[in-house]
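See structure below.
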Amino acid sequence: MKEKFRRCWALVLVFVIVTGVCFLFAGRKSGMFIDEIYAYGLSNSHYAPFLTDIKDGEMVGKTFTRQELFDYVAVTDGERFDAGSVYYNQVHDVHPPLHYWLLNAVCSLFPDTFSKWTGLALNYVLYMLTMFALYKTVRRLGWSRGCGTAAAVLYGLSVIGMSTFVMIRMYMLLTLLTIVLMYLIVCLMREFKPKYCILTGLVLLAGLITQYYFVFYAFFLCAAYVIYALVKREYKALAWFIPCALVGALSLLLVFPACLDHLFADNIVSGGNAMENLRNFAQYPVRLRTFISFVTHGLKAAIIIALLAIIALGVYFRKFKAAAKDKRLDLRALVLIVPAFVVLVIVALISPVDEPRYIYNLVPAFVLAACLLLYLLEESLGSFEREGLIKTAALLCIMALALWQARCAPPDYLYPEYAEYDAIVAKHSDDKCVYFSDNRFEAITQDLLQLMAFDDFYVSDDTELTGALDYVGGADEFVAYVDISEFWSSGYDPDKIISALADASDYDKAELLYQNGLSATYLISK
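Residue 117 in the working numbering sits at position 109 of the sequence shown, with consecutive numbering throughout.
So, in structure tokens, the structure goes:
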């Protein structure tokens with residue numbers, strides 16, 4: 009036991025440090041991105057994918073209660089582990105159901121509860137598994153424990169890695185499955201066994217019923233392995249691998265046939281939208297720069313380590329050249345790394361919006377690229393005096409650099425401003441609340457956490473204000489949310505609504521309380 013701990017102490021330390029940082033940022037998470045609220049709603053709402061479905065497709069002129077909002081995002085007694093409801097909801101959404109099944113299962117353990125901690129607990133388990141799978145992949149490549157530990161900490165404390173953990177969405181599961189697929193491909197390159205091919209097929213299916221973007225890296229990774237196997241003349245392996253991979257991928261059509269509707273839909277998040285973006289050649293340079301900046305910002309420590317390794321390889325170029333000549337350098341990791349850079353370009357060009365979450369699952373492969381340079385340096389140097397001490401010191405420096413990055417650059421999706429929004433709304437929770445929206449659920453979903461502070465709220469469009477005024481009932485003041493997003497939802501002009509209210513009643517004062525993405529919130533008074 010002591011010998012095992014002596015070998016793995018650094019890895020254990022990495023997991024302890026990353027766990028501490030995870031809980032630090034989890035505690036600081038004050039709000040949720042709209043997609044995170046969708047994740048809870050689609051997972052836990054009983055055969056009602058969106059808020060409009062609670063009101064039979066028509067929200068305008070109707071009142072939402074706090075309990076209705078709570079029932080949308082929480083599992084209630086009698087509806088626990090309802091996989092059928094999750095499946096139904098995802099058929100009417102734009103994503104496959106695996107992550108939603110898992111989130112529903114976790115939430116079902118805590119019925120009548122809505123909390124960020126259920127989603128973050130699931131993500132934490134997936135995050136730790138992802139780091140461990142990355143470490144095992146490095147070790148399976150034949151690299152040292154130091155390289156494996158460096159990979160785990162450079163990913164685990166990266167801005168992008170932490171953002172993946174903090175965001176309660178399917179991307180953490182997607183990243184884990186991507187790493188598992190990488191590990192299986194490495195196993196096949198090291199030693200062919202039929203079970204690896206069968207497991208590859210299962211992972212391909214699991215990835216595709218998690219997020220459709222999994223197909224890009226999976227396709228190019230599998231293609232890279234096929235090329236590798238052809239070069240090595242491993243025809244028996246291909247005879248197993250290709251059918252298993254095809255069966256795994258095509259099984260998506262049997263498990264979730266709605267994927268075809270999602271692929272050819274005309275939504276913003278769909279296959280049709282992807283093709284439209286691909287045809288927009290003018291946006292290519294901007295999109296590529298944007299996504300490259302996501303990587304450089306989110307992986308600063310890994311990039312610094314890669315640059316230092318390149319400099320060191322230059323200094324010891326003769327030793328590197330000798331190691332290459334002696335065939336001591338194993339470059340099979342390129343089978344995993346090159347597809348990630350190809351997919352980075354593809355995703356940058358077709359993604360519905362310029363957001364880094366669409367490349368979250370590629371990040372471990374980028375970290376692997378940095379660690380490949382460390383491996384090349386280590387193999388080039390060979391054995392030397394005080395090798396153990398120097399390598400331990402270098403690993404501790406890598407940990408310190410990664411921890412410095414985590415300290416200097418917090419992850420996305422913390423939303424510290426939501427604490428202020430909640431405080432503002434709490435002051436007016438006894439007031440009436442009206443939401444001006446053209447029967448679009450997007451903005452209301454975004455504001456769901458704040459709307460739950462009110463006993464109820466009324467939904468009105470911008471043309472007929474009588475219902476809203478009747479609902480307010482002559483109160484001295486009320487809170488008004490206005491759906492202002494032209495891209496995602498109604499695109500109302502708050503000034504026009506405020507002016508119309510003043511013309512139709514004696515509510516002639518309006519104070520902007522705060523503005524949040526898709527909506528603006530006002531205090532309307534006489």
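Cβ coordinates follow ideal geometry from the N, Cα and C atoms, glycine included.
CB-CB length for residue i against residue j, believed under 8 Å
{"i": "Leu216", "j": "Tyr204", "result": "Incorrect: roughly 19 Å between the Cβ atoms, too far for contact."}
{"i": "Gly69", "j": "Gly475", "result": "5 Å"}
{"i": "Glu485", "j": "Ile532", "result": "6 Å"}
{"i": "Met40", "j": "Lys124", "result": "7 Å"}
{"i": "Phe264", "j": "Pro105", "result": "7 Å"}
{"i": "Thr157", "j": "Leu271", "result": "Their Cβ separation, rounded to whole angstroms, is 41 Å, which puts Thr157 and Leu271 out of contact at 8 Å."}
{"i": "Tyr108", "j": "Leu50", "result": "5 Å"}
{"i": "Pro119", "j": "Arg153", "result": "Contact doesn't hold; Cβ gap of about 43 Å is too wide."}
{"i": "Arg351", "j": "Phe249", "result": "The identity of residue 351 in the sequence shown is Val, whereas the question assumes Arg. Not really, about 20 Å apart at Cβ, beyond 8 Å."}
{"i": "Leu357", "j": "Arg295", "result": "6 Å"}
{"i": "Ala253", "j": "Leu212", "result": "6 Å"}
Beta-carbon spacing of residue i, residue j below 8 Å
{"i": "Ser166", "j": "Gln413", "result": "yes"}
{"i": "Thr218", "j": "Leu192", "result": "no"}
{"i": "Met180", "j": "Phe23", "result": "no"}
{"i": "Ala82", "j": "Thr121", "result": "yes"}
{"i": "Ala3", "j": "Ala257", "result": "The structure shown does not extend to residue 3, since the chain is modelled only from 9 through 534, so no value can be given for it."}
{"i": "Leu321", "j": "Leu384", "result": "yes"}
{"i": "Leu184", "j": "Leu110", "result": "no"}
{"i": "Ala552", "j": "Ile176", "result": "No statement about residue 552 is possible, as the shown extent of the chain runs from 9 to 534 and does not include it."}
{"i": "Phe33", "j": "Met170", "result": "yes"}
{"i": "Val133", "j": "Lys37", "result": "no"}
{"i": "Leu521", "j": "Tyr515", "result": "no"}
{"i": "Val490", "j": "Phe444", "result": "yes"}
{"i": "Val303", "j": "Phe374", "result": "yes"}
{"i": "Leu535", "j": "Ile318", "result": "Outside the shown range of the chain, which is 9 to 534, sits residue 535, and nothing can be said about it."}
{"i": "Val255", "j": "Gly209", "result": "yes"}
{"i": "Tyr225", "j": "Asn369", "result": "yes"}
{"i": "Leu7", "j": "Ala341", "result": "Residue 7 lies beyond the range of the chain shown here (9 to 534); nothing can be said about it."}
{"i": "Asp469", "j": "Asp446", "result": "yes"}
{"i": "Pro372", "j": "Ile187", "result": "yes"}
{"i": "Asp430", "j": "Arg74", "result": "no"}
{"i": "Gly164", "j": "Val361", "result": "no"}
{"i": "Val433", "j": "Met67", "result": "no"}
{"i": "Leu477", "j": "Ser527", "result": "no"}
{"i": "Ala273", "j": "Val99", "result": "no"}
{"i": "Ile42", "j": "Thr453", "result": "yes"}
For residue i: DSSP bridge partner residues
{"i": "Val490", "result": "Phe444, Ala528"}
{"i": "Asp464", "result": "Thr73"}
{"i": "Tyr522", "result": "Thr529"}
{"i": "Glu485", "result": "Ser533"}
{"i": "Lys517", "result": "Ser533"}
Residue i, buried or exposed, once every other Cβ within 10 Å from all chains shown has been counted against 16
{"i": "Leu142", "result": "buried"}
{"i": "Glu393", "result": "exposed"}
{"i": "Ala461", "result": "buried"}
{"i": "Ile406", "result": "buried"}
{"i": "Ile398", "result": "exposed"}
{"i": "Leu262", "result": "exposed"}
{"i": "Ala328", "result": "First, the residue type needs correcting, since residue 328 is Phe and not Ala in the sequence shown. Buried, since its Cβ has 16 or more Cβ neighbours within 10 Å."}
{"i": "Glu387", "result": "buried"}
{"i": "Asp101", "result": "buried"}
{"i": "Val365", "result": "It is worth fixing the name first, because residue 365 is Arg in this sequence and not Val. Its Cβ being crowded by 16 or more others within 10 Å, Arg365 is buried."}
{"i": "Arg15", "result": "exposed"}
{"i": "Phe72", "result": "buried"}
{"i": "Trp17", "result": "exposed"}
{"i": "Glu395", "result": "exposed"}
{"i": "Glu450", "result": "buried"}
{"i": "Tyr243", "result": "exposed"}
{"i": "Glu44", "result": "buried"}
{"i": "Ser301", "result": "exposed"}
{"i": "Ser507", "result": "exposed"}
{"i": "Ser391", "result": "exposed"}
{"i": "Asp334", "result": "exposed"}
{"i": "Asn288", "result": "exposed"}
Should the region 46-56 be regarded as contacting the region 426-440, the criterion being three or more beta carbon pairs within less than 8 Å?
no
Determine, using beta-carbon pairs with one atom in the region 513-533 and one in the region 485-497, whether at least three such pairs fall under 8 Å.
yes
On the three-pair Cβ rule with 8 Å, is the region 297-317 touching the region 373-381?
yes
Are three or more beta carbon pairs between the region 495-510 and the region 409-425 nearer than 8 Å?
no
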